[in-house]
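Each residue of the sequence shown is one higher than the last, beginning at 1 in the UniProt record's numbering.
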Amino acid sequence: MNPHAKLITSLSLLLGTTITISSNHWMMAWTGLEINTLAIIPMISKSHHPRAIEAAIKYFLVQAAASTLVLFSSTINAWHTGQWDLTQLTHPTSCLLLTTAIAMKLGLVPFHFWFPEVLQGSSLTTALLLSTMMKFPPITILFMTSHSLNPTLLTAMAIASAALGGWMGLNQTQIRKILAFSSISHLGWMSIIIIYNPKLTLLTFYLYSLMTITVFLTLNTTKTVKLSTMMTSWTKTPMLNATLMLTLLSLAGLPPLTGFLPKWLIIQELTKQEMTTAATIITMLSLLGLFFYLRLAYYSTITLPPNSTNHMKQWHINKPTSAPIAIVTSLSALLLPLSPMILTTI
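Now the structure itself:
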(Lines of atoms letter the chains of each structure in order from A; the text may use other names.)
(Lines give C-alpha, C1' and ligand atoms only; values in the text may rest on other atoms or scores of the structure.)
Protein backbone atom coordinates (compact mmCIF):
# COMPACT_ATOMS: atom_id res chain seq x y z
CA MET A 1 0.00 0.00 0.00
CA ASN A 2 1.15 3.54 -0.81
CA PRO A 3 2.67 5.16 2.35
CA HIS A 4 0.37 8.20 2.03
CA ALA A 5 -2.70 5.98 1.73
CA LYS A 6 -1.52 3.92 4.72
CA LEU A 7 -1.04 7.10 6.78
CA ILE A 8 -4.51 8.42 5.87
CA THR A 9 -6.25 5.12 6.66
CA SER A 10 -4.37 4.72 9.97
CA LEU A 11 -5.18 8.30 11.06
CA SER A 12 -8.81 7.84 9.99
CA LEU A 13 -9.04 4.67 12.10
CA LEU A 14 -7.72 6.53 15.13
CA LEU A 15 -9.97 9.52 14.44
CA GLY A 16 -13.12 7.40 13.98
CA THR A 17 -12.46 5.42 17.17
CA THR A 18 -11.71 8.60 19.18
CA ILE A 19 -14.86 10.38 17.92
CA THR A 20 -17.12 7.44 18.86
CA ILE A 21 -15.67 6.75 22.31
CA SER A 22 -15.66 10.44 23.31
CA SER A 23 -19.08 11.47 21.95
CA ASN A 24 -22.34 12.00 23.83
CA HIS A 25 -24.47 12.77 20.77
CA TRP A 26 -25.82 9.94 18.59
CA MET A 27 -24.84 11.71 15.35
CA MET A 28 -21.20 12.02 16.41
CA ALA A 29 -21.09 8.37 17.52
CA TRP A 30 -22.54 7.32 14.15
CA THR A 31 -20.03 9.53 12.28
CA GLY A 32 -17.12 7.88 14.12
CA LEU A 33 -18.42 4.40 13.23
CA GLU A 34 -18.72 5.40 9.55
CA ILE A 35 -15.18 6.85 9.42
CA ASN A 36 -13.89 3.60 10.98
CA THR A 37 -15.71 1.43 8.42
CA LEU A 38 -14.48 3.45 5.44
CA ALA A 39 -10.90 3.49 6.78
CA ILE A 40 -10.57 -0.29 7.25
CA ILE A 41 -11.98 -1.28 3.82
CA PRO A 42 -8.82 -0.34 1.83
CA MET A 43 -6.75 -2.29 4.38
CA ILE A 44 -8.89 -5.42 3.87
CA SER A 45 -8.80 -5.22 0.07
CA LYS A 46 -5.16 -4.09 -0.38
CA SER A 47 -3.89 -7.51 -1.55
CA HIS A 48 -6.27 -7.39 -4.60
CA HIS A 49 -6.90 -11.12 -4.21
CA PRO A 50 -10.51 -12.12 -5.09
CA ARG A 51 -11.02 -13.42 -1.53
CA ALA A 52 -9.85 -10.08 -0.10
CA ILE A 53 -12.20 -8.13 -2.38
CA GLU A 54 -15.06 -10.43 -1.38
CA ALA A 55 -14.21 -9.90 2.30
CA ALA A 56 -14.18 -6.10 1.84
CA ILE A 57 -17.60 -6.13 0.13
CA LYS A 58 -19.10 -8.39 2.83
CA TYR A 59 -17.67 -6.17 5.54
CA PHE A 60 -18.99 -2.99 3.89
CA LEU A 61 -22.53 -4.35 3.41
CA VAL A 62 -22.86 -5.63 6.99
CA GLN A 63 -21.39 -2.48 8.56
CA ALA A 64 -23.55 -0.21 6.35
CA ALA A 65 -26.69 -2.12 7.45
CA ALA A 66 -25.63 -1.91 11.11
CA SER A 67 -24.89 1.85 10.85
CA THR A 68 -28.33 2.39 9.28
CA LEU A 69 -29.93 0.60 12.23
CA VAL A 70 -27.94 2.75 14.71
CA LEU A 71 -29.19 5.88 12.95
CA PHE A 72 -32.75 4.54 12.78
CA SER A 73 -32.70 3.59 16.48
CA SER A 74 -31.39 7.00 17.62
CA THR A 75 -33.89 8.85 15.37
CA ILE A 76 -36.87 6.91 16.80
CA ASN A 77 -35.64 7.61 20.33
CA ALA A 78 -35.18 11.34 19.57
CA TRP A 79 -38.63 11.44 17.98
CA HIS A 80 -40.32 10.04 21.10
CA THR A 81 -38.19 11.60 23.86
CA GLY A 82 -36.59 14.67 22.26
CA GLN A 83 -33.15 13.44 23.43
CA TRP A 84 -30.06 12.85 21.24
CA ASP A 85 -27.92 11.95 24.26
CA LEU A 86 -26.29 8.50 24.14
CA THR A 87 -27.18 7.74 27.76
CA GLN A 88 -30.88 8.72 27.35
CA LEU A 89 -31.95 5.74 25.24
CA THR A 90 -35.34 4.87 26.78
CA HIS A 91 -37.71 3.88 23.94
CA PRO A 92 -38.14 0.02 23.84
CA THR A 93 -38.03 -0.22 20.01
CA SER A 94 -34.88 1.91 19.92
CA CYS A 95 -33.22 -0.34 22.52
CA LEU A 96 -34.07 -3.45 20.47
CA LEU A 97 -32.81 -1.90 17.22
CA LEU A 98 -29.60 -0.72 18.89
CA THR A 99 -28.90 -4.17 20.36
CA THR A 100 -29.36 -5.67 16.87
CA ALA A 101 -27.11 -3.04 15.27
CA ILE A 102 -24.29 -3.47 17.80
CA ALA A 103 -24.58 -7.28 17.53
CA MET A 104 -24.07 -6.90 13.76
CA LYS A 105 -21.11 -4.57 14.29
CA LEU A 106 -19.44 -6.95 16.76
CA GLY A 107 -20.36 -10.25 15.11
CA LEU A 108 -22.54 -11.65 17.91
CA VAL A 109 -24.77 -14.66 17.12
CA PRO A 110 -27.07 -14.65 15.08
CA PHE A 111 -25.28 -11.86 13.12
CA HIS A 112 -21.88 -13.56 13.11
CA PHE A 113 -21.74 -15.03 9.58
CA TRP A 114 -19.62 -12.26 8.06
CA PHE A 115 -16.86 -12.25 10.66
CA PRO A 116 -14.94 -15.54 9.99
CA GLU A 117 -15.16 -14.95 6.22
CA VAL A 118 -13.84 -11.38 6.45
CA LEU A 119 -11.00 -12.42 8.77
CA GLN A 120 -10.05 -15.27 6.43
CA GLY A 121 -9.88 -12.86 3.47
CA SER A 122 -7.67 -10.33 5.30
CA SER A 123 -3.96 -10.29 6.09
CA LEU A 124 -2.88 -11.12 9.67
CA THR A 125 -2.31 -7.42 10.51
CA THR A 126 -5.76 -6.38 9.24
CA ALA A 127 -7.33 -9.37 11.01
CA LEU A 128 -5.69 -8.14 14.22
CA LEU A 129 -7.28 -4.69 13.75
CA LEU A 130 -10.68 -6.23 12.98
CA SER A 131 -10.54 -8.44 16.08
CA THR A 132 -9.47 -5.72 18.53
CA MET A 133 -9.55 -2.04 17.56
CA MET A 134 -12.66 -2.22 15.35
CA LYS A 135 -14.64 -3.77 18.21
CA PHE A 136 -13.79 -0.98 20.66
CA PRO A 137 -16.28 1.69 19.43
CA PRO A 138 -19.34 -0.66 19.41
CA ILE A 139 -18.37 -2.00 22.87
CA THR A 140 -18.18 1.63 24.08
CA ILE A 141 -21.70 2.34 22.76
CA LEU A 142 -22.96 -0.79 24.57
CA PHE A 143 -21.18 0.43 27.72
CA MET A 144 -22.86 3.87 27.50
CA THR A 145 -26.35 2.42 26.91
CA SER A 146 -26.03 -0.70 29.14
CA HIS A 147 -28.72 0.47 31.60
CA SER A 148 -31.34 0.56 28.80
CA LEU A 149 -30.72 -2.84 27.18
CA ASN A 150 -32.90 -5.95 27.37
CA PRO A 151 -31.27 -8.47 29.78
CA THR A 152 -33.08 -11.56 28.41
CA LEU A 153 -32.15 -10.81 24.80
CA LEU A 154 -28.50 -10.10 25.63
CA THR A 155 -28.15 -13.22 27.80
CA ALA A 156 -29.66 -15.39 25.04
CA MET A 157 -27.32 -13.88 22.42
CA ALA A 158 -24.33 -14.25 24.76
CA ILE A 159 -24.94 -17.95 25.48
CA ALA A 160 -25.60 -18.61 21.76
CA SER A 161 -22.32 -16.83 20.88
CA ALA A 162 -20.33 -18.81 23.44
CA ALA A 163 -21.88 -22.07 22.14
CA LEU A 164 -21.44 -21.35 18.44
CA GLY A 165 -17.96 -19.84 18.86
CA GLY A 166 -16.78 -23.00 20.61
CA TRP A 167 -18.66 -25.45 18.39
CA MET A 168 -17.68 -23.97 15.00
CA GLY A 169 -14.03 -23.58 15.96
CA LEU A 170 -13.59 -27.32 16.50
CA ASN A 171 -13.20 -28.47 12.88
CA GLN A 172 -11.33 -25.48 11.40
CA THR A 173 -7.86 -25.79 9.88
CA GLN A 174 -7.33 -22.08 9.07
CA ILE A 175 -5.93 -20.23 12.08
CA ARG A 176 -7.66 -16.92 11.23
CA LYS A 177 -11.05 -18.66 11.24
CA ILE A 178 -10.26 -20.35 14.56
CA LEU A 179 -9.41 -16.93 16.05
CA ALA A 180 -12.61 -15.47 14.56
CA PHE A 181 -14.73 -18.08 16.35
CA SER A 182 -12.63 -17.50 19.47
CA SER A 183 -13.55 -13.81 19.22
CA ILE A 184 -17.29 -14.64 18.87
CA SER A 185 -17.05 -16.86 21.96
CA HIS A 186 -15.31 -14.12 24.01
CA LEU A 187 -17.90 -11.56 22.90
CA GLY A 188 -20.51 -13.86 24.46
CA TRP A 189 -18.70 -13.57 27.81
CA MET A 190 -18.53 -9.77 27.44
CA SER A 191 -22.19 -9.25 26.52
CA ILE A 192 -23.63 -11.51 29.26
CA ILE A 193 -22.24 -9.24 31.98
CA ILE A 194 -22.59 -5.77 30.40
CA ILE A 195 -25.93 -4.95 32.07
CA TYR A 196 -24.81 -6.00 35.56
CA ASN A 197 -21.22 -4.74 35.58
CA PRO A 198 -20.24 -2.69 32.47
CA LYS A 199 -16.70 -2.01 33.76
CA LEU A 200 -16.07 -5.75 33.93
CA THR A 201 -17.01 -5.99 30.24
CA LEU A 202 -14.38 -3.36 29.41
CA LEU A 203 -11.76 -5.19 31.53
CA THR A 204 -12.59 -8.45 29.70
CA PHE A 205 -12.28 -6.66 26.35
CA TYR A 206 -8.89 -5.14 27.26
CA LEU A 207 -7.46 -8.49 28.39
CA TYR A 208 -8.94 -10.30 25.37
CA SER A 209 -7.37 -7.66 23.07
CA LEU A 210 -4.01 -8.04 24.81
CA MET A 211 -3.98 -11.83 24.31
CA THR A 212 -5.26 -11.62 20.71
CA ILE A 213 -2.60 -9.03 19.82
CA THR A 214 0.05 -11.43 21.19
CA VAL A 215 -1.26 -14.36 19.13
CA PHE A 216 -1.52 -12.35 15.89
CA LEU A 217 1.92 -10.72 16.27
CA THR A 218 3.49 -14.13 16.92
CA LEU A 219 1.75 -15.69 13.91
CA ASN A 220 2.79 -12.70 11.79
CA THR A 221 6.44 -13.21 12.81
CA THR A 222 6.41 -16.90 11.88
CA LYS A 223 4.13 -16.28 8.82
CA THR A 224 1.75 -19.03 9.94
CA VAL A 225 -1.85 -19.05 8.64
CA LYS A 226 -2.91 -22.71 8.83
CA LEU A 227 -2.42 -25.66 11.14
CA SER A 228 -0.21 -27.67 8.79
CA THR A 229 2.39 -24.86 8.62
CA MET A 230 2.09 -24.32 12.36
CA MET A 231 3.42 -27.85 12.91
CA THR A 232 6.77 -26.96 11.34
CA SER A 233 7.12 -23.42 12.73
CA TRP A 234 8.84 -24.74 15.90
CA THR A 235 12.17 -24.99 14.06
CA LYS A 236 11.91 -21.31 13.02
CA THR A 237 11.37 -19.73 16.44
CA PRO A 238 11.35 -22.29 19.30
CA MET A 239 11.08 -19.74 22.12
CA LEU A 240 8.31 -17.74 20.44
CA ASN A 241 6.31 -20.92 19.86
CA ALA A 242 6.68 -21.92 23.50
CA THR A 243 5.29 -18.54 24.61
CA LEU A 244 2.52 -18.82 21.98
CA MET A 245 1.39 -22.00 23.75
CA LEU A 246 1.11 -20.07 27.03
CA THR A 247 -0.86 -17.27 25.33
CA LEU A 248 -3.29 -19.75 23.75
CA LEU A 249 -3.87 -21.43 27.12
CA SER A 250 -4.40 -17.96 28.60
CA LEU A 251 -7.05 -17.26 25.92
CA ALA A 252 -8.69 -20.53 26.94
CA GLY A 253 -8.96 -19.14 30.49
CA LEU A 254 -6.73 -21.58 32.38
CA PRO A 255 -5.29 -20.55 35.75
CA PRO A 256 -2.70 -19.27 36.68
CA LEU A 257 -2.64 -17.26 33.41
CA THR A 258 -4.12 -13.81 32.68
CA GLY A 259 -7.16 -15.15 30.75
CA PHE A 260 -8.52 -16.80 33.92
CA LEU A 261 -9.13 -13.41 35.59
CA PRO A 262 -12.08 -12.10 33.48
CA LYS A 263 -13.84 -15.49 33.43
CA TRP A 264 -13.46 -15.87 37.18
CA LEU A 265 -14.86 -12.36 37.81
CA ILE A 266 -17.76 -12.83 35.34
CA ILE A 267 -18.79 -16.15 36.94
CA GLN A 268 -18.59 -14.49 40.39
CA GLU A 269 -20.74 -11.54 39.23
CA LEU A 270 -23.34 -13.79 37.56
CA THR A 271 -23.61 -15.83 40.77
CA LYS A 272 -24.16 -12.60 42.77
CA GLN A 273 -26.96 -11.67 40.33
CA GLU A 274 -28.59 -15.10 40.97
CA MET A 275 -27.88 -16.23 37.41
CA THR A 276 -26.23 -19.49 38.46
CA THR A 277 -27.78 -21.42 35.54
CA ALA A 278 -26.40 -18.97 32.95
CA ALA A 279 -23.00 -19.03 34.67
CA THR A 280 -22.94 -22.87 34.62
CA ILE A 281 -23.99 -23.05 30.95
CA ILE A 282 -21.45 -20.48 29.72
CA THR A 283 -18.68 -22.12 31.79
CA MET A 284 -19.44 -25.54 30.30
CA LEU A 285 -19.48 -24.02 26.80
CA SER A 286 -16.00 -22.55 27.35
CA LEU A 287 -14.73 -26.16 27.43
CA LEU A 288 -15.44 -26.34 23.67
CA GLY A 289 -13.06 -23.41 23.19
CA LEU A 290 -10.52 -25.05 25.47
CA PHE A 291 -10.41 -28.04 23.09
CA PHE A 292 -9.36 -26.04 20.03
CA TYR A 293 -6.95 -23.86 22.01
CA LEU A 294 -5.30 -27.03 23.29
CA ARG A 295 -5.15 -28.33 19.72
CA LEU A 296 -3.43 -25.10 18.58
CA ALA A 297 -1.04 -25.26 21.55
CA TYR A 298 -0.27 -28.90 20.73
CA TYR A 299 0.43 -28.08 17.07
CA SER A 300 2.59 -25.07 17.92
CA THR A 301 4.80 -26.77 20.50
CA ILE A 302 4.45 -30.52 20.96
CA THR A 303 4.15 -31.80 17.37
CA LEU A 304 7.79 -31.74 16.37
CA PRO A 305 9.28 -32.89 13.03
CA PRO A 306 9.42 -35.54 11.71
CA ASN A 307 5.67 -35.50 11.28
CA SER A 308 3.05 -36.25 8.66
CA THR A 309 2.97 -32.85 6.93
CA ASN A 310 4.19 -32.31 3.38
CA HIS A 311 5.94 -29.04 4.23
CA MET A 312 9.69 -28.63 4.24
CA LYS A 313 11.51 -27.99 7.48
CA GLN A 314 11.77 -24.25 8.14
CA TRP A 315 15.03 -22.35 8.62
CA HIS A 316 15.73 -20.99 12.09
CA ILE A 317 15.21 -17.22 12.34
CA ASN A 318 18.26 -15.67 13.96
CA LYS A 319 16.93 -12.15 14.53
CA PRO A 320 15.81 -11.47 18.13
CA THR A 321 12.14 -11.24 19.09
CA SER A 322 10.87 -7.66 18.90
CA ALA A 323 10.26 -5.74 22.15
CA PRO A 324 6.45 -5.26 21.62
CA ILE A 325 5.94 -9.04 21.25
CA ALA A 326 8.04 -9.70 24.37
CA ILE A 327 6.00 -7.15 26.39
CA VAL A 328 2.52 -8.29 25.30
CA THR A 329 3.47 -11.97 25.69
CA SER A 330 4.61 -11.35 29.28
CA LEU A 331 1.42 -9.43 30.08
CA SER A 332 -0.87 -12.01 28.48
CA ALA A 333 0.56 -14.77 30.66
CA LEU A 334 1.51 -13.13 33.96
CA LEU A 335 -1.16 -10.58 34.97
CA LEU A 336 -3.19 -12.83 37.30
CA PRO A 337 -1.12 -12.04 40.45
CA LEU A 338 -1.98 -8.36 39.89
CA SER A 339 -5.72 -9.10 40.10
CA PRO A 340 -6.21 -7.37 43.52
CA MET A 341 -4.82 -4.16 42.02
CA ILE A 342 -6.94 -4.56 38.85
CA LEU A 343 -10.06 -5.18 40.98
CA THR A 344 -9.69 -1.79 42.64
CA THR A 345 -10.22 -0.11 39.25
CA ILE A 346 -13.58 -1.76 38.48
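Glycine is no exception: its CB is placed at the ideal position from the N, C-alpha and C atoms. Here the structure is a predicted model, which is why all the values come from computation and not from measurement.
Pick from the options that is closest to residue i, judged by C-alpha positions
i: residue 288; options: 253, 267, 301 and 257; result: 253
i: residue 262; options: 293, 82, 223 and 188; result: 188
i: residue 345; options: 2, 204 and 185; result: 204
i: residue 244; options: 40, 222 and 27; result: 222
i: residue 41; options: 126, 103, 7 and 101; result: 126
i: residue 128; options: 229, 247 and 220; result: 220
i: residue 48; options: 31, 1 and 201; result: 1
i: residue 13; options: 30, 36, 249 and 6; result: 36
i: residue 143; options: 152, 192 and 174; result: 192
i: residue 94; options: 68, 155 and 298; result: 68
i: residue 281; options: 11, 155, 333 and 339; result: 155
i: residue 375; options: 146, 149, 109 and 251; result: This structure cannot settle anything about residue 375, because the visible part of the chain is limited to 1 through 346.
i: residue 249; options: 11, 292, 16 and 240; result: 292
Integer Cβ distance of residue i from residue j, believed to fall under 8 Å
i: residue 180; j: residue 116; result: 4 Å
i: residue 214; j: residue 21; result: Not confirmed; about 23 Å, so no contact.
Residue i - DSSP class collapsed to helix/strand/coil
i: residue 177; result: helix
i: residue 236; result: coil
i: residue 25; result: strand
i: residue 272; result: helix
i: residue 58; result: helix
i: residue 105; result: helix
i: residue 6; result: helix
i: residue 263; result: helix
i: residue 199; result: helix
i: residue 226; result: strand
Rounded separation between residue i and residue j - CA only
i: residue 257; j: residue 264; result: 12 Å
i: residue 85; j: residue 74; result: 9 Å
i: residue 135; j: residue 319; result: 33 Å
i: residue 8; j: residue 274; result: 49 Å
i: residue 331; j: residue 295; result: 23 Å
i: residue 353; j: residue 131; result: Residue 353 lies beyond the residue range present for the chain, which begins at 1 and ends at 346; the question has no answer from this structure.
i: residue 18; j: residue 32; result: 7 Å
i: residue 217; j: residue 46; result: 19 Å
i: residue 347; j: residue 58; result: Because the chain spans 1 through 346 in this model, residue 347 falls outside it and cannot be assessed.
i: residue 62; j: residue 137; result: 16 Å
i: residue 226; j: residue 169; result: 13 Å
i: residue 72; j: residue 190; result: 25 Å
i: residue 246; j: residue 30; result: 38 Å
i: residue 148; j: residue 228; result: 47 Å
i: residue 324; j: residue 43; result: 22 Å
i: residue 51; j: residue 118; result: 9 Å
i: residue 146; j: residue 133; result: 20 Å
Quiz prompt | Segment contact flag, the region 263 to 283 with the region 195 to 205, C-beta cutoff 8 Å, min 3 pairs | solution = Enough Cβ pairs lie closer than 8 Å, so yes.
Quiz item: So does the region 110 to 130 actually touch the region 69 to 87, counting three or more Cβ pairs closer than 8 Å?
Solution: Taking 8 Å as the limit for Cβ pairs, the verdict is that the region 69 to 87 does not touch the region 110 to 130.
Practice problem: Evaluate the contact criterion for the region 160 to 168 versus the region 232 to 252: three or more CB pairs, one atom per stretch, below 8 Å. | Solution: Not touching, per the Cβ criterion.
Quiz item: Would you call the region 85 to 99 and the region 25 to 39 touching, i.e. three or more CB-CB distances under 8 Å?
Solution: Enough Cβ pairs lie closer than 8 Å, so yes.
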